[in-house]
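To keep things clear, I will list the structure first and then write my remarks on it.
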C-alpha cells in the first residue's frame, strides 16, 4: 500500500490535473507551463459539471488554437488514480475526483502529520 503525504491535498489534486492537461496540450499550446494552467482551474457551480473544470474557450485564446482543436486534443485525456472521469461539455473540461482515493490521501496526510496538519512551517 502506497502512502502519499502532501501539505495541501486539494492543491495536489489541482496540480495533478494541470500536469495531465499539460502533457496533452504542450505541443499545440507552445510556451505554456503547467504552473500557468492553475489559473484556469475552477470549481463548477453545479456537481454534475464535475469537481474541477477548465474553461477551454479561455485556454484556447492563450494557446492560439480553436476550442474545437483543443477539445480534440483533450478528449482522450488519460487519468491517474486521483480522478474518476473526465468530460468535455459546452467548452469546459469537467473532471471528477475519485473520492475514495482523495479521502485516502487526506487521511494518510492527517495521520502522518498528526497535530502538525494544517499548520504552515515558519522557516525563519
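In the working numbering, the protein residues as written are 145 to 268.
Don't be surprised by glycine CBs; every beta carbon is placed ideally from N, CA and C.
Computed from a prediction, not measured in an experiment: that's the story for all the values here.
Rounded separation between residue i and residue j - CA only
i           : j           : result
residue 157 : residue 174 : 24 Å
residue 164 : residue 259 : 32 Å
residue 261 : residue 255 : 9 Å
residue 217 : residue 189 : 25 Å
residue 166 : residue 257 : 31 Å
residue 182 : residue 246 : 19 Å
residue 159 : residue 191 : 20 Å
residue 243 : residue 152 : 16 Å
Outcome for residue i when other beta-carbon atoms lying within 10 angstroms are tallied against a minimum of 16
i           : result
residue 224 : exposed
residue 227 : buried
residue 208 : exposed
residue 267 : exposed
residue 230 : buried
residue 204 : buried
7 Å Cβ shell around residue i - same chain, five flanking residues per side excluded
i           : result
residue 148 : 249 and 252
residue 264 : none
residue 168 : 217, 218 and 221
Residue-level contact to chain C via CB, residue i, 8 Å cutoff
i           : result
residue 189 : In the structure shown, chain C cannot be found, because there is only a single protein chain.
Nonlocal neighbours in the same chain, by C-beta distance under 8 Å from residue i, ignoring five residues either side
i           : result
residue 200 : 211, 214, 215, 218, 232, 235, 236 and 237
residue 187 : 195, 196 and 197
Distance between beta carbons of residue j and residue i, contact taken as under 8 Å
i           : j           : result
residue 240 : residue 171 : Between residue 171 and residue 240 the Cβ distance is about 26 Å, and since that is not below 8 Å, they are no contact.
Residue i beta carbon near the ligand ADP (any heavy atom closer than 7 Å)
i           : result
residue 225 : Summarising the ligand content, the structure contains no ligands, and the ligand ADP is consequently not present.
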